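Here the structure comes first, spelled out in structure tokens, and everything after it is commentary.
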Amino acid sequence: MKKRLLPAQLFKSAIIKLLILWCRVLAASFALTTHAAAAAEGEPHQKGAKGKNSIVIVTGQFSPLIDESRADKGHISRLVTDIFAQAGITTEFLFVPWGRALRMVELGQEAAVMYYDKNEQRAESFTFSDPMLWDNWVLFHLKERNIHWQRLEDLSVYKIGATISYTYTQEFYHLADENVLSVSWHPYDMQGWKMLLAGRLDIFANTESAWYYVKQEFPPQTLAELVVHPKPLAAQLGHILFSKVHPDGDYFREQFNLGFTRLKKVKTLADYLPDKLGVPWPEITATSVDKRN
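Heads up: the sequence shown is residues -27 to -1, 1 to 266, going by mature numbering (1 follows the signal peptide of the UniProt record, and there is no 0).
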């Protein structure tokens, strides 16, 4: 027959059980805390290592060089993908309006934005990859419209179209801000092209490589009306811009430059832009130049 415990004994037994349970809770809590602390020490490296195997590059539409609708995301995107692949990094492209693209990377929301020329203002927020290719800034106009200019001030009599967040010269921006130049700003190139072809603009300032775009968007009879003024505005170099505040910005820039050095040993610019046959890659030390003089 089981012995019946007295009330005092029952109380003592309950206290012992509670103490045992409390010790178990403390032990479990200590183990969990220790595991979490160990994980916290190792987690940044583990996550960083995994995260550094891929990069999201923010960009805007600049078809066909940068084109969200294409499988390879455009000629320049394919080049950038191949460069990072040489360093063992996969790429993903996030397409947003150009102005937003710069702002996102400036704030460190993503590590990189492509592709832009180097200037003093951008140097405050970004570091720059080695230059990828040259491109001239030129003035497109209708063949029927005679455009005469030697200095930018000479263009004050014309209606000019330009795209927000593109890399025009500092003088161009200054004269536009001072209303010396009559500039209509657009978030997308297509708006500028349509206004130019409709006769609502006299000039559309864009890069020479914009010919790739208009050739795929407009019929030959329309292209026949379009010409480029023989006097270029400037020559620019295209770079990947890396955020100064993103924790992996410097790492990705170093890996990009490493991959680019490797790629240039096995590929030519014409492998990505067929009309650049025989054109060399830009020198690492090359800088953009004003070509108006």
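Glycine is no exception: its CB is placed at the ideal position from the N, C-alpha and C atoms.
Values in this document were obtained by computation on a predicted structure and should not be read as measured data.
When the Cα atoms are used, what is the spatial distance from residue i to residue j?
{"i": "ILE49", "j": "SER42", "result": "14 Å"}
{"i": "LEU210", "j": "LEU106", "result": "6 Å"}
{"i": "ASN266", "j": "ASP127", "result": "Here the model assigns ASN266 a pLDDT of 42, short of 50, so the residue's position is not dependable and the matter cannot be decided."}
{"i": "ALA259", "j": "PRO104", "result": "7 Å"}
{"i": "VAL218", "j": "VAL200", "result": "42 Å"}
{"i": "LEU38", "j": "ARG118", "result": "28 Å"}
{"i": "ALA10", "j": "GLY81", "result": "Bear in mind that a pLDDT of 37 at ALA10, under 50, signals an unreliable position, so the model cannot answer this."}
{"i": "LEU169", "j": "PHE66", "result": "30 Å"}
{"i": "ASN26", "j": "ARG235", "result": "18 Å"}
{"i": "PRO255", "j": "ASP221", "result": "26 Å"}
{"i": "THR241", "j": "LEU112", "result": "28 Å"}
{"i": "ASP175", "j": "LYS204", "result": "16 Å"}
{"i": "LEU154", "j": "TYR131", "result": "8 Å"}
{"i": "GLN189", "j": "LEU196", "result": "10 Å"}
{"i": "TRP158", "j": "GLN164", "result": "9 Å"}
{"i": "GLU144", "j": "ALA85", "result": "27 Å"}
{"i": "ILE213", "j": "ASP162", "result": "20 Å"}
{"i": "LEU147", "j": "VAL239", "result": "Reading the sequence as shown, one finds His at residue 147 and not Leu. Going from the Cα of HIS147 to the Cα of VAL239 covers about 42 Å."}
{"i": "SER129", "j": "ALA149", "result": "9 Å"}
{"i": "PRO74", "j": "MET87", "result": "The amino acid at residue 74 is misidentified as Pro; the sequence shows Ala. When rounded, the distance between both Cα atoms is 9 Å."}
{"i": "ASP248", "j": "TRP184", "result": "11 Å"}
{"i": "GLN194", "j": "ASN230", "result": "42 Å"}
{"i": "THR142", "j": "GLY232", "result": "30 Å"}
{"i": "SER216", "j": "LEU125", "result": "33 Å"}
Could you pull the DSSP bridge partners for residue i from this structure?
{"i": "TYR89", "result": "HIS212"}
{"i": "TRP158", "result": "ALA135"}
{"i": "SER261", "result": "None, per the DSSP bridge assignment."}
{"i": "ALA178", "result": "LEU112"}
{"i": "PHE191", "result": "Answer is none; PHE191 lacks a bridge partner."}
{"i": "ILE39", "result": "PHE35"}
How is the beta strand (DSSP E) around residue i delimited, first residue to last?
{"i": "LEU80", "result": "Where LEU80 is concerned, there is no enclosing beta strand (DSSP E), given that its DSSP letter is neither H nor E."}
{"i": "VAL201", "result": "199 to 201"}
{"i": "ALA58", "result": "It is not in any beta strand (DSSP E) - ALA58 instead sits in the alpha helix (DSSP H) that spans 48 to 59."}
{"i": "THR32", "result": "27 to 32"}
{"i": "GLU65", "result": "63 to 68"}
Which word fits residue i, buried or exposed, when buried means at least 16 other C-beta atoms lie within 10 angstroms of its C-beta?
{"i": "LYS91", "result": "buried"}
{"i": "GLU14", "result": "Model confidence at GLU14 stands at a pLDDT of 34, short of 50, so the residue's coordinates are unreliable; what they give is reported in the following sentence. Classification for GLU14: exposed."}
{"i": "ASN179", "result": "buried"}
{"i": "HIS121", "result": "exposed"}
{"i": "ILE257", "result": "exposed"}
{"i": "ASP40", "result": "buried"}
{"i": "GLY61", "result": "exposed"}
{"i": "ASP78", "result": "The question names Asp, yet the displayed sequence has Val at residue 78. By the 10 Å Cβ count, VAL78 comes out buried."}
{"i": "HIS114", "result": "buried"}
{"i": "ASP55", "result": "buried"}
{"i": "GLN94", "result": "exposed"}
{"i": "VAL(-3)", "result": "With a pLDDT of only 46 at VAL(-3), under the threshold of 50, the placement of this residue in the model should not be trusted; the figure read from the coordinates follows. Flag for VAL(-3) reads exposed."}
{"i": "GLU97", "result": "exposed"}
{"i": "MET52", "result": "Residue 52 is actually Leu in this sequence, not Met. Burial call: buried."}
{"i": "GLN59", "result": "buried"}
{"i": "THR63", "result": "exposed"}
{"i": "GLU151", "result": "exposed"}
{"i": "GLY251", "result": "exposed"}
{"i": "ALA44", "result": "exposed"}
{"i": "LEU133", "result": "What sits at residue 133 in the sequence shown is Ile, not Leu. The residue in question, ILE133, is buried, as its Cβ has 16 or more Cβ neighbours within 10 Å."}
{"i": "GLN123", "result": "exposed"}
So residue i is in the alpha helix (DSSP H); what residue range does that whole segment cover?
{"i": "PHE145", "result": "143 to 150"}
Task: Secondary structure, alpha helix (DSSP H): runs of 4+ residues fully inside the stretch 205 to 245 - done: 222 to 236
Task: Start-end ranges of the beta strand (DSSP E) lying completely within the stretch 92 to 117, minimum 3 residues - done: 99 to 101 and 106 to 115
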